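In terms of the numbering used here, the sequence shown opens at residue 66 and continues consecutively.
Even for Gly, the Cβ is constructed at its ideal location relative to N, Cα and C.
Predicted model only: the values in this text are computed from it and were never measured.
Step one of this worksheet: look at the structure below.
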Amino acid sequence: MTLKTTWYEADSRFIAGHYQPAMLIDLALSRDIDSHRLLRGTGLFHEDVLAGSARLSPQQFLALIGNSRRLLEADDSSFLFGQRLLPGHYGAASHALGHAQNLHQAIDTLLEQQILLSPLVTPQLLLDEHHAYLFWRDSCGAGEHWRFLLEASMTSMVAMSQWLSGQRLPWECHFSHAQPRYVEQYWVHLGEQTRFERPLDMMCIERRFLSQTWPGASATAGQVARQQAREQIEQLGFATSLLDCLYQYLQSHVRQPPSLEQAAQDFAMSLATLKRKLHKHHTGYQQQVDRVRKHVALYLYQVKGLNNEEVAAYLNFSDAANFRRSFKRWTGSTPSLIRQLLS
């Protein structure tokens with residue numbers, strides 16, 4: 066089964082410099098950071114960003130993030146960056162987001178226009194009977210900058226939903242990393258219902274908030290803007306990253322993960338090429354297999370309410386002991402402890 070799709074990679078130059086990168090550049094300039102120092106090593110020139118002609122790859126954007134973190138040396142940088150991100154000033158995609166009629170439509174727009182609105186971080190929405198869960202995945206190999214992007218992404222959702230709804234929505238934010246020393250920034254920008262050392266990086270909210278009508282939205286303007294954004298994505302020629310395509314592929318085969326050789330064949334490339342591309346994204350094939358299986362196992366626990374034996378059976382483990390060993394490798398904890406944490 067050869068996959069008939071295209072994707073963007075860490076070195077694909079498609080991110081408009083006057084979109085998300087400009088938000089970060091302006092934040093740094095507002096704190097008197099020299100533009101030449103800020104852009105050093107990124108391959109960018111401020112004049113090209115101002116002219117609207119600069120196109121960045123994810124690698125260049127991450128280099129810009131690295132420079133800004135080093136030069137700003139401020140605990141609130143990621144959160145202030147996040148407050149500027151959504152709806153943003155990114156043409157039709159931002160107009161569509163700004164005219165969302167409720168939280169559900171806003172999230173659907175973010176998912177559909179992810180390449181324009183959130184090119185480095187991929188959101189995923191899952192629902193159960195009472196709650197909505199918004200998960201965040203690294204789409205380009207962010208490495209050491211992942212926490213910065215995660216803080217910014219969750220802040221952008223909290224800030225956008227507050228602005229468009231006219232009220233502070235009761236989001237609960239979960240982070241897989243330990244509580245940092247600057248935890249007060251999380252409380253200020255994300256709320257006090259923020260948890261650390263959780264199984265997954267995600268946001269949670271009661272489902273009833275998804276359908277509450279937001280004031281000021283124009284259904285007609287929103288529909289036209291969504292169509293214009295779709296046309297813009299079609300012109301790019303791709304809509305998702307290589308890592309996201311691999312994630313979806315592995316998710317569809319989660320009960321019996323393909324070998325690396327089979328995956329390379331299905332992606333119509335040599336074994337060496339697939340290894341090289343994954344290395345470029347600071348990951349490997351087994352890491353990606355483990356990531357998907359961990360996410361599916363946690364979904365089965367939290368959303369479907371399955372027990373250890375049922376999850377192990379779904380993932381085709383021959384016995385519970387093998388499943389426990391693998392699960393501890395994926396999460397650093399045992400299934401029983403994780404289930405207690407989720408409950």
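For residue i, I'd like the list of residues in its chain whose CB is within less than 6 Å of its CB, leaving aside the five on either flank, ordered along the chain.
i	result
residue 190	172 and 199
residue 260	239
residue 74	307
For residue i, collect the residues of the same chain with a Cβ closer than 8 Å to its Cβ; drop the 5 residues on either side in sequence, then sort them by chain order.
i	result
residue 106	128 and 132
residue 366	376, 400, 403, 404 and 407
residue 319	357, 358, 361 and 380
Relative to the C-alpha of residue i, which candidate in the options has its C-alpha closest?
i	options	result
residue 257	264, 382, 263 and 248	248
residue 80	123, 358 and 393	123
residue 358	337, 317 and 345	317
residue 242	255, 339, 265 and 250	265
residue 427	102, 140, 203 and 89	Lying outside 66 to 408, the shown extent of the chain, residue 427 is not represented and no answer is given.
residue 351	296, 74 and 325	325
residue 267	169, 364 and 348	364
residue 347	150, 103 and 307	307
residue 202	273, 196, 211 and 113	211
residue 354	125, 330, 385 and 314	314
residue 234	388, 209 and 273	273
Using a Cβ-Cβ cut-off of 7 Å (strictly less than) and excluding sequence neighbours within five positions of residue i, which residues of its own chain qualify?
i	result
residue 165	171, 174, 229, 279, 282 and 287
residue 167	275, 276, 277, 278 and 279
residue 183	175 and 218
residue 141	250
residue 245	none
residue 93	103, 133, 136 and 137
Buried or exposed for residue i, please, with buried defined as at least 16 other CB atoms from any protein chain shown within 10 angstroms of its CB.
i	result
residue 262	exposed
residue 135	exposed
residue 236	buried
residue 342	buried
residue 360	buried
residue 232	exposed
residue 216	buried
residue 186	buried
residue 396	buried
residue 77	buried
residue 253	exposed
residue 204	buried
residue 103	buried
residue 309	buried
residue 226	buried
residue 82	buried
residue 390	exposed
residue 117	exposed
Per the contact definition of three or more C-beta pairs closer than 8 Å, is the stretch 149-162 in contact with the stretch 175-184? Contact holds: three or more Cβ-Cβ distances are below 8 Å.
Quick one: any contact between the stretch 93-110 and the stretch 136-144, if contact means 3 or more CB pairs under 8 Å? The way I'd put it, the stretch 93-110 does touch the stretch 136-144; three or more beta-carbon pairs between them come closer than 8 Å.
Closer than 8 Å is the cut-off here; do at least three beta carbon pairs connect the stretch 368-376 with the stretch 388-404? Enough Cβ pairs lie closer than 8 Å, so yes.
May I ask you to verify whether the stretch 215-229 touches the stretch 136-156, counting CB pairs closer than 8 Å and requiring at least 3? As far as the Cβ criterion goes, the stretch 215-229 touches the stretch 136-156, which means the pair count is three or higher.
List in chain order: all unbroken alpha helix (DSSP H) runs of 4+ residues lying wholly within the stretch 230-313. If only complete runs of 4 or more residues are kept, the stretch 230-313 shows the alpha helix (DSSP H) at 248-255 and 284-301, in order along the chain.
My parser needs the alpha helix (DSSP H) runs of 4 or more residues fully inside the stretch 167-231; what are they? As far as the stretch 167-231 is concerned, its whole alpha helix (DSSP H) runs of at least 4 residues are 168-177, 179-182 and 211-230.
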